[in-house]
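4 protein chains.
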Amino acid sequence: MLKSTVEISDAEHASSVEPVGVAVVGLGYWGPNLLRVLGDNLDVSVRWICDLDPERLGKYRRRHPGARATTRLERVLADPAVDAVVIATPVDTHYNLAARVLEAGKHVFVEKPLAPSSELADELARIAAERGRILMCGHTFLYSPPVRAIKRMISEGKLGDIYFISSSRVNLGLHQRDVSVIWDLGPHDFSILLYWLSEMPTSVRAIGRDSIVKGTADVAFVTMTFGSGIIANIELSWLAPSKLRRTVLVGSERMAIYDDGAPEPVRLFDRGVVYRDPETFGEYHLSYRSGDVISPKIDSYEPLGLEVADFVGAIRSGEKMEYHTAIARSVVRLVEAADRSLREGGREITVEPDMGENNLTAARGLAVN
Amino acid sequence: MLKSTVEISDAEHASSVEPVGVAVVGLGYWGPNLLRVLGDNLDVSVRWICDLDPERLGKYRRRHPGARATTRLERVLADPAVDAVVIATPVDTHYNLAARVLEAGKHVFVEKPLAPSSELADELARIAAERGRILMCGHTFLYSPPVRAIKRMISEGKLGDIYFISSSRVNLGLHQRDVSVIWDLGPHDFSILLYWLSEMPTSVRAIGRDSIVKGTADVAFVTMTFGSGIIANIELSWLAPSKLRRTVLVGSERMAIYDDGAPEPVRLFDRGVVYRDPETFGEYHLSYRSGDVISPKIDSYEPLGLEVADFVGAIRSGEKMEYHTAIARSVVRLVEAADRSLREGGREITVEPDMGENNLTAARGLAVN
Amino acid sequence: MLKSTVEISDAEHASSVEPVGVAVVGLGYWGPNLLRVLGDNLDVSVRWICDLDPERLGKYRRRHPGARATTRLERVLADPAVDAVVIATPVDTHYNLAARVLEAGKHVFVEKPLAPSSELADELARIAAERGRILMCGHTFLYSPPVRAIKRMISEGKLGDIYFISSSRVNLGLHQRDVSVIWDLGPHDFSILLYWLSEMPTSVRAIGRDSIVKGTADVAFVTMTFGSGIIANIELSWLAPSKLRRTVLVGSERMAIYDDGAPEPVRLFDRGVVYRDPETFGEYHLSYRSGDVISPKIDSYEPLGLEVADFVGAIRSGEKMEYHTAIARSVVRLVEAADRSLREGGREITVEPDMGENNLTAARGLAVN
Amino acid sequence: MLKSTVEISDAEHASSVEPVGVAVVGLGYWGPNLLRVLGDNLDVSVRWICDLDPERLGKYRRRHPGARATTRLERVLADPAVDAVVIATPVDTHYNLAARVLEAGKHVFVEKPLAPSSELADELARIAAERGRILMCGHTFLYSPPVRAIKRMISEGKLGDIYFISSSRVNLGLHQRDVSVIWDLGPHDFSILLYWLSEMPTSVRAIGRDSIVKGTADVAFVTMTFGSGIIANIELSWLAPSKLRRTVLVGSERMAIYDDGAPEPVRLFDRGVVYRDPETFGEYHLSYRSGDVISPKIDSYEPLGLEVADFVGAIRSGEKMEYHTAIARSVVRLVEAADRSLREGGREITVEPDMGENNLTAARGLAVN
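Line by line, the protein sequences give chains A, B, C and D.
Going by the working numbering, the residue at position 333 of the first sequence is 1506; the numbering climbs one at a time, nothing skipped.
Going by the working numbering, the residue at position 63 of the second sequence is 1236; the numbering climbs one at a time, nothing skipped.
Going by the working numbering, the residue at position 151 of the third sequence is 1324; the numbering climbs one at a time, nothing skipped.
Going by the working numbering, the residue at position 30 of the fourth sequence is 1203; the numbering climbs one at a time, nothing skipped.
Listed below in structure tokens is the structure:
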């Protein structure tokens, strides 16, 4: 038990590898979480924090005294010690800021959704490819243990063919200024569905209402149909009596419930109906199976930490993160379509599958594992 | 503690009022429940049970030895001791059977939905009016204590203006032969919504899928818009990992959850968002309220017993039950519209409000209390 | 589809085997359930219903017109068509009534607890053995699907060695006149534990309180220790904010929760702690396992129906139901000990294992399967 | 919207009041939480972190570069800039470390339980009083919003007279080396009960088992009786299938459930039984009330932050925190009694009320508000 008495000096252990220099832009709602996780990552050195509000800068400098603080992005971009910039600002600034970062030759991580239009999202992807820099979008749910557990179940055929998906993502939430609930909450479900199904919907419809602030939908019911026959219904709302983030997947072999935040976030139901094609006219044979319910043990880690580590790892390894870019662009395309349907009273919007599906399909091998 | 020793004779107490003579037609899934409740009602004498299957007749005669059993409806209709007939047969037989009963001058109670088309439902209403007989449809949820508790909350303004309603009615349920899940489960939600809102939707859309039996939709997502601005989303499915009968109502003053079968079936949330119109350009003031949650004490009785008692009471009192007829006709109209939208790939179907709304409005004063 | 038109005659199919003639004594709270289940059992003919209250007799005769009704047990016992009597009267009448039935040479089924003292319970067992008649006690939980599922898990070693059991059986319940909550609710848990563990406790302690009616404990915390090392804590109360019937079993291999009435009444947790004995002084190695949770599919049937069928089956087969008699006697012994400890301020009461354990052990092979 | 471009300098705003200088001793399981909260408190300057493990010191210095790090307490105590020391070390070091801090003339905050014996706890209180320094113990639950909400309900008479309390505090938790589950988890419930009831129990019993590590009880059922008639049953265990921290309070007017960590942590049930004393022999009148259930809105803040602020506030104001010292001493006394009963096979241990109750009573006026 004898321990030598020591006083820790200020000198840290010299690491053989230089940490990745990162700047965080935007310290509003989500930026501080990114800042915290980056600060805890031993491969990262947070060089700058950047926000328009000096008070916020002061508050977070106190906790990250090693970082410099500025209200001007130029200062950040001019610093050669900055390898990558993490952007957590309002969506309508994403394109402009990210493009500047990429043009400055730095990697960029943009909070979701990637851009306020699919045109701008595509343009960002083009710039990133041209500059050979990583363009990653913060679809953190792709790193969530339960979301990944369900991805594995689907890949292993445990659910069989998926018939339909029904999802609710509601809470008494903060209204966003100027963007509908579809732009705010939709990216979560859209990214999860694209990740699970590796398939773009062919059509999207949305019915909603601007209950509180005229012109800003705060509730929307989105229905999507897929080429494979799958249908999905997604309820999104900032107006709900209690928080609910729950997705039900019904497949030919089994059914699953993903309840984010529940003690058992994934439940697998060995239940189903089997239909045997009638041999003679008039027969009608259905057999029902009602078996065990399993709550598999789900890993427990903070998705954001893993996501940031993945970004940093890609910077080191030179990987392009094309799968993430494809997902992010497809998400913007879906949000755009749903929002348009909403504004046009629920009209069916056909989704061009070209870009999205091809990239998704091509990128399947790269799928987050 | 002294009790005289008695032996109960077969002679019953003579009642001053003759009981209402009733026949039950159809002893499949639901008929036996009606038979049981009628048997327990002291104002009722079950005269006949009628079914095509002699085995069923044998089984239920054992429990109701006072009733006569037959496979032929004529026998029932020819009996002057039969005041009313309760029909619990497949929906495509409702019109024919109910019309025969009314033509025979007897009151009729038909299981929901009233008829397989709004045309036939209207025709039944016409015959009933012409003959001066009661035409009541078994929308039992209108007698359910939690449904009534929420009706009261709405009437008293506790929810304020209702913004939207979101409902799920799913289970691993028995597929119906030949009818979609909308015809099977939809009448429950439609009748409840019409009762609560006293308003017909103006348009209906439904997206669904025939996952198991080709041509028979087993899942459907129905969205409805109302003239008052309310929107409603209803998930109906026979394919679900667990039973759920849950409706969320979001209003300007409060929100409510009705979870049928839960220990606390109604929960009232003193939560909401208030928007104050900005006085100067650029202001944007929202205040959030997150208060107590109340689970009001809900009466506990069997709705079916009360419903049957209401039917019997109307026979005695001469009341016409027009409100029930209006609800029943409107339900068929909605089911028809939703089913048509489903078959036409989600196309918006406009609902003619004329009949439904007027009758509902006119009948408000008669509303079930 | 062609069905011949038939009219069902009063003549029933002649059965080759004469049904067992049964009488039901006591139509208060529980008796009507027994009567209903007996009435539905095709092997049974309910010959008599017997109660001190003529009104009750009238009410139930209406539903069971084939049975005769009386306030006098002699009438029942004198009828040679009565093979067995089912007793559902207050506990302090059990001995007297059951003894009379046995002396009359008839089988008897007595509601739990078997008798108001272990002395009288033993005496009943003696008379039954002497007369060669069945003495069965209505410990219905032994026929409950989840209770049996857990018995199987224990037998198959799925839980490993059981460390402890913690149970709550509480509700806002009806106070019994003159008996404590231990006499009222305790028999449920005691019978379940004896069935699961096939072992009598060696000591019992109970702390309680007569919160509402002086002299009648309405809450009790009972702790029991077993020779095998198992400890059990049982909370019993008529004063609780919500109904809870929940038992947790913690074993060396797995843990289980039995929540009576929940949609998933049995949950098996693949969780535990393993301790490896330290090889050198000072080591201390524990490994924690946190695995899947499984809700096994549980059969769905009414336990009371199976219990009554078992009783009737034993009458036919000549089986003596000794296991049931042993459980019933051990339950009375435990209730007696717990109630005594309660009245003596929580003093430890040593339980004589002789009778109970030996019988339980001997009867293990006969265990309900 | 115009904001001037600024660069934040290292110079902080000069505060008119000097922050309280604090040292944190022990950076194992809980110490880092205290360190984080102290670091966020603008009234505090963390001067030192102290632990025997240099690696830990290195890790936390990285996050708190303004603090000095040492393995030697002398260094801390010799620093005049240190006003108070926060101790989060194993319980058997509490007395020695806290006494040294007090003798050095500094205030001390000790993690719970205050000391490994009531003798040593009393001695610490004596030293603190003699030196005029604050001795506060980290009973954080006294700052928990739901615990305080229930305290208010009790004070306002909403529950009426409390009949009994039933609590479960279980999880699949970390076994402590050398201390039983009573020493580990008991202080939570004991402190909460003393706070709510302002009354010491008169007797304590505990039955438990050392299921995994011989000699270290990992499950215990503790029953306590109070002079006022209240009884309490507390289940404590490191071996449980799922985490549960749930306390039920049953009173003459209402019942309450406190479920720590649930979305609605406090639920108030307007349920009860009223007994009217019979006027004539043989009467027995109980009336049952089953009313609404209310989940009051509960404040949302981190209790630890408030607790630390209270400690710092007392240092500034000169308050002695006698109520906290009294609670902390009473908790040790109860743990000691329960642990002794456990080791003596459940024997009833009488608790000397003198110190505890008097102090609690005297301190009622000082009660945390």
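C-beta: ideal position from N, C-alpha, C; glycine also.
Going along the chain, which residues of its own chain have a beta-carbon closer than 8 angstroms to the beta-carbon of residue i, five neighbours each way excluded?
{"i": "M1174/D", "result": "Residue confidence for M1174/D is low, a pLDDT of 33 falling below 50, so the modelled location carries little weight and cannot support an answer."}
{"i": "I1355/A", "result": "A1379, G1381, A1390, A1393, V1395, L1409, V1508, A1511, D1512, L1515"}
{"i": "L1539/A", "result": "Here L1539/A scores only 42 on pLDDT, less than 50, and its place in the model should not be relied on; the value that follows carries that caveat. Cβ within range, chain order: E1495, Y1496."}
Could you name the residues of the same chain whose beta carbon sits closer than 6 angstroms to that of residue i, not counting the 5 residues immediately before and after it, in chain order?
{"i": "L1287/D", "result": "A1294, C1310, A1501, V1505"}
{"i": "D1145/A", "result": "The structure shown does not extend to residue 1145/A, since chain A is modelled only from 1174 through 1542, so no value can be given for it."}
{"i": "M1494/B", "result": "I1307, M1309, A1487"}
{"i": "S1218/C", "result": "P1192, G1194"}
{"i": "T1523/B", "result": "S1376"}
{"i": "V1447/C", "result": "S1460"}
Can you tell me the Cβ-Cβ gap for residue i and residue j, rounded? I've got them flagged as a contact below 8 angstroms.
{"i": "C1223/D", "j": "V1198/D", "result": "4 angstroms"}
{"i": "L1211/C", "j": "V1195/C", "result": "6 angstroms"}
{"i": "H1348/C", "j": "V1386/C", "result": "6 angstroms"}
{"i": "R1220/A", "j": "A1254/A", "result": "5 angstroms"}
{"i": "V1119/B", "j": "A1257/B", "result": "No statement about residue 1119/B is possible, as the shown extent of chain B runs from 1174 to 1542 and does not include it."}
{"i": "I1467/B", "j": "I1467/D", "result": "5 angstroms"}
{"i": "K1470/D", "j": "G1424/B", "result": "No, K1470/D and G1424/B are not in contact; Cβ-Cβ is about 18 angstroms, not under 8 angstroms."}
{"i": "I1300/A", "j": "A1429/A", "result": "About 39 angstroms; that fails the 8 angstroms criterion."}
Measuring alpha carbon to alpha carbon, tell me which of the options ends up nearest residue i.
{"i": "G1359/C", "options": "F1337/C, N1406/C, K1331/C, M1326/C", "result": "N1406/C"}
{"i": "A1251/D", "options": "V1320/D, K1232/D, K1279/D, D1226/D", "result": "K1279/D"}
{"i": "L1422/B", "options": "G1434/B, A1435/B, I1404/B", "result": "I1404/B"}
{"i": "N1620/C", "options": "R1419/C, V1377/C, V1258/C", "result": "Because chain C is modelled from 1174 through 1542, residue 1620/C falls outside the range shown and cannot be assessed."}
{"i": "I1335/D", "options": "F1399/D, R1299/D, D1465/D", "result": "F1399/D"}
{"i": "G1445/C", "options": "L1230/C, I1327/C, V1485/C, L1332/C", "result": "L1332/C"}
{"i": "E1525/B", "options": "S1503/B, A1277/B, G1518/B", "result": "S1503/B"}
{"i": "W1411/C", "options": "D1383/C, S1425/C, G1402/C", "result": "D1383/C"}
{"i": "E1284/C", "options": "P1227/C, S1364/C, V1320/C", "result": "S1364/C"}
{"i": "D1351/C", "options": "Y1202/C, P1289/C, W1369/C", "result": "P1289/C"}
{"i": "P1263/B", "options": "Y1368/B, Y1202/B, P1227/B, G1402/B", "result": "Y1202/B"}
{"i": "E1329/B", "options": "R1427/B, G1491/B, L1208/B, D1216/B", "result": "R1427/B"}
{"i": "A1302/C", "options": "L1275/C, R1321/C, E1292/C, S1291/C", "result": "L1275/C"}
{"i": "R1235/C", "options": "V1485/C, P1205/C, R1248/C", "result": "P1205/C"}
{"i": "R1325/D", "options": "Y1368/D, R1248/D, S1339/D", "result": "Y1368/D"}
{"i": "Y1431/D", "options": "S1371/D, T1244/D, D1472/D, S1340/D", "result": "S1340/D"}
Take residue i and list the residues in its own chain whose beta-carbon comes closer than 7 angstroms to its own, dropping the five residues that flank it on each side.
{"i": "D1183/D", "result": "The predicted position of D1183/D is uncertain, since its pLDDT is 40 and thus under 50; a value taken from the coordinates is nonetheless stated next. Nothing listed; no residue qualifies."}
{"i": "S1177/A", "result": "Bear in mind that the predicted position of S1177/A carries a pLDDT of just 41, short of 50, making it unreliable; the figure below should be weighed with that in mind. Around S1177/A: no qualifying Cβ."}
{"i": "L1246/C", "result": "V1198, C1223, L1270, R1273"}
{"i": "E1517/C", "result": "none"}
Hey, is the region 1438-1445 of chain B in contact with the region 1408-1416 of chain A, meaning 3+ C-beta pairs nearer than 8 angstroms?
-> By the Cβ criterion, the region 1438-1445 of chain B is in contact with the region 1408-1416 of chain A, since at least three pairs of Cβ atoms, one from each stretch, lie closer than 8 angstroms.
Could I get the ranges of all uninterrupted alpha helix (DSSP H) runs contained in the region 1226-1277 of chain D, with 4 residues as the minimum, in chain order?
-> Every unbroken stretch of the alpha helix (DSSP H) spanning 4 or more residues and falling wholly within the region 1226-1277 of chain D is given here in chain order: 1227-1236, 1246-1250, 1267-1276.
Curious, which full-length beta strand (DSSP E) runs of at least 3 residues does the region 1292-1357 of chain B contain?
-> 1308-1310, 1335-1343
Give, in chain order, every unbroken run of the alpha helix (DSSP H) that is at least 4 residues long and sits entirely within the region 1402-1433 of chain B.
-> none
Taking contact to mean at least 3 C-beta pairs separated by less than 8 angstroms, is the region 1313-1323 of chain C in contact with the region 1467-1482 of chain C?
-> yes
Let me know the alpha helix (DSSP H) ranges lying completely inside the region 1459-1497 of chain D, each 4 residues or longer, listed in chain order.
-> 1476-1490
If contact means a Cβ-Cβ distance below 7 angstroms, which residues of the region 1462-1482 of chain C contact chain E?
-> Included in the structure are the protein chains A, B, C and D, with no chain E among them.
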